[in-house]
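J.: I have a structure I would like to understand better, so I am pasting it below and will then ask my questions one at a time.
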Amino acid sequence: MSTAFESARRIADGVFWLGGCLSAFGHGEEVHYHVNAYLVIGQERTALVDTGDPAHRAVVLAQLEEALAGRPLDYLVPTHPEIPHAGNLPALLERYPDAVVVGETRDYHLHFPEHAHRLRPLAAGESIDLGGRELELLPAHIRDLENTTWAWDSGAGVLFVSDGFSFIHDVPGPDDEDEPVHRPGQCRLFSGEMPEPPSVAQAAYGTGRALYWTKFVDVSDAFTAIERILDSHPTSFIGPAHGNVIDDVDGMLRTSLAAHRAVYQGSAVG
Ligand SMILES: [Zn+2]
Ligand SMILES: [Zn+2]
1 MSTAFESARR IADGVFWLGG CLSAFGHGEE VHYHVNAYLV IGQERTALVD
51 TGDPAHRAVV LAQLEEALAG RPLDYLVPTH PEIPHAGNLP ALLERYPDAV
101 VVGETRDYHL HFPEHAHRLR PLAAGESIDL GGRELELLPA HIRDLENTTW
151 AWDSGAGVLF VSDGFSFIHD VPGPDDEDEP VHRPGQCRLF SGEMPEPPSV
201 AQAAYGTGRA LYWTKFVDVS DAFTAIERIL DSHPTSFIGP AHGNVIDDVD
251 GMLRTSLAAH RAVYQGSAVG
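Those letters in the sequence shown? Residues 1 to 270, per UniProt numbering, in order.
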């Protein structure tokens, strides 16, 4: 597996899509797997949601420096303590000595004891004020760890969903891979810019493999909760950690819910 990266993409005013892709060969062609991070720039403060993969550390630091354009990084907001989400924390804390880690940080002192004094627990429902916009932490309704959190930027209406809403587009993953993939050249496309919208089957593939538990859980309640979040938090974009940024929010919600139902019903029958 090798790595590939693109420049950061500005999604909306003050919001940037950072990170890189892991690449592999499947069915005779190269496929990519996103490991994203998102930068939100307020008038006073800046925040990075997730950290990117350590394989992309130099890339993320360079993308960040360019997007910040001389501003410091104030907040690091990893969605949960797994390597693709929190693995660059040490490098980022070193590069930005005044930055603090906020969110559901309950066990981060075990992973990063040397940075324990820079952890600021913040519960779902609470916000950080970036100046002219807020980043609100939200409960993760699709998650793979107990302390996963989502976040929402009030400035541009971007919902950051960690491992939620991952899907593949028009290529199947290689047989030994179980992750949502895209083709080289599609790394920075919004979902609506892809050649075709993802089908329910493709979303089910990514969902069933990446979030194994969804085979056993009827997620209708989770989607009702997600619809409630979208009602109270106007959302123009959804930013997943492992997938293209979604700009067709309503359409993807329908596709993803149908996919979750298909995964659940498929395994209930089988
Ligand atoms: Zn992940
Ligand atoms: Zn890519």
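Ideal Cβ positions, reconstructed from N, Cα and C, are used throughout, including at glycine.
Bear in mind the structure is a predicted one, so any value in this text is a computation, not a measurement.
(1) Go through its chain and collect everything with a Cβ distance to residue 36's Cβ below 6 angstroms, but skip five positions before and after it.
(2) Looking at the strands, I want to know which residues DSSP matches up with residue 160.
(3) Is residue 77 helix, strand or coil when you go by DSSP?
(4) Looking at residue 61: is its Cβ nearer than 8 angstroms to the Cβ of residue 99?
(5) Restricting to Cα atoms, I'd like to know which of 67, 14, 221, 87 is closest to residue 135.
(6) Rounded to whole angstroms, what's the CA-CA distance from residue 103 to residue 50? Just pull it up for me.
(7) Applying the 10 Å Cβ sphere with the 16-neighbour rule, what's the burial state of residue 129?
(8) For residue 91, report the span of its alpha helix (DSSP H) as first-last.
(9) Counting by C-beta, which residues lie closer than 5 angstroms to a heavy atom of ligand 2, in chain order?
(10) Could you give the residue range of the beta strand (DSSP E) that holds residue 181?
(11) What separation, rounded to the nearest whole angstrom, lies between the Cα atoms of residue 140 and residue 112?
(12) At a cut-off of 7 angstroms, would you count residue 163 as near ligand 1, judging by its Cβ distance to the nearest heavy atom?
(13) Quick test of your reading: residue 41 and residue 245, contact by CB under 8 angstroms. State the CB separation rounded to the nearest angstrom.
(14) Please determine, among 165, 146, 132, the residue with the shortest C-alpha to C-alpha distance to residue 155.
(15) Mind reading off the beta-carbon distance from residue 162 to residue 32? Whole number of angstroms is fine, and I expect it under 8 angstroms.
(16) So residue 47 is in the beta strand (DSSP E); what residue range does that whole segment cover?
(17) At what residues does the alpha helix (DSSP H) containing residue 228 begin and finish?
(18) For residue 54, which residues of its own chain have a beta-carbon under 7 angstroms away from its beta-carbon, when the five flanking residues on both sides are left out?
(19) CB of residue 121 to nearest heavy atom of ligand 1: below 7 angstroms?
(20) Applying the 10 Å Cβ sphere with the 16-neighbour rule, what's the burial state of residue 69?
(21) Verify the contact flag: residue 82, CB atom, against every heavy atom of ligand 1, threshold strictly below 7 angstroms.
(22) If we count the other Cβ atoms within 10 Å of its Cβ and call it buried at 16 or more, is residue 160 buried or exposed?
(23) With DSSP as the reference, label residue 250 as helix, strand or coil.
(24) Between the Cα of residue 47 and the Cα atoms of 261, 110, 151, 234, which residue gives the shortest distance?
(25) Taking 7 angstroms as the limit between beta carbons, can you name the residues of its chain near residue 234, skipping five residues before and five after?
(26) Buried or exposed for residue 232, please, with buried defined as at least 16 other CB atoms from any protein chain shown within 10 angstroms of its CB.
(27) Residues bridged to residue 41 by DSSP?
T.: If we stick to the structure as given:
(1) The answer, listed in chain order, is 19, 241.
(2) For residue 160, which the question treats as bridged, DSSP gives the partners 151, 239.
(3) Strand at residue 77.
(4) Not in contact: residue 61 and residue 99 (Cβ atoms no closer than 8 angstroms).
(5) Taking the Cα of residue 135 as reference, the smallest distance to any Cα among 67, 14, 221, 87 is reached at 14.
(6) Inter-residue distance for residue 103 and residue 50 is about 11 angstroms (C-alpha atoms, whole angstroms).
(7) Exposed is the call here.
(8) Run containing residue 91: 89-95, per the alpha helix (DSSP H) assignment.
(9) Listed by position in the chain, the residues whose beta carbon lies within less than 5 angstroms of some heavy atom of ligand 2 are 21, 32, 187.
(10) Taken as a continuous stretch (DSSP letters only), residue 181 belongs to no beta strand (DSSP E), as it is neither H nor E.
(11) In this structure, the CA atom of residue 140 is about 23 angstroms from the CA atom of residue 112.
(12) Answer for residue 163: yes, Cβ within range of ligand 1.
(13) The beta carbons of residue 41 and residue 245 sit about 17 angstroms from each other, so the pair does not count as a contact at 8 angstroms.
(14) Nearest option by C-alpha distance: 132.
(15) So it is not a contact: roughly 19 angstroms between Cβ atoms.
(16) 46-49 is the span of the beta strand (DSSP E), which, as asked, contains residue 47.
(17) Residue 228 -> alpha helix (DSSP H) spans 220-232.
(18) Result list for residue 54: 83, 87, 88, in chain order.
(19) Residue 121 Cβ: outside cutoff for every heavy atom of ligand 1.
(20) Answer is exposed; the Cβ neighbour count stays below 16.
(21) Residue 82: yes, Cβ under 7 angstroms from ligand 1.
(22) So residue 160 counts as buried.
(23) In the structure shown, residue 250 adopts helical secondary structure according to DSSP, grouped into three states.
(24) Nearest option by C-alpha distance: 151.
(25) Cβ contact annotation for residue 234 (same chain, cutoff 7 angstroms, sequence separation greater than five): 157, in chain order.
(26) With fewer than 16 other Cβ atoms within 10 Å, it is exposed.
(27) Looking at the DSSP assignment, residue 41 forms a beta bridge with 46.
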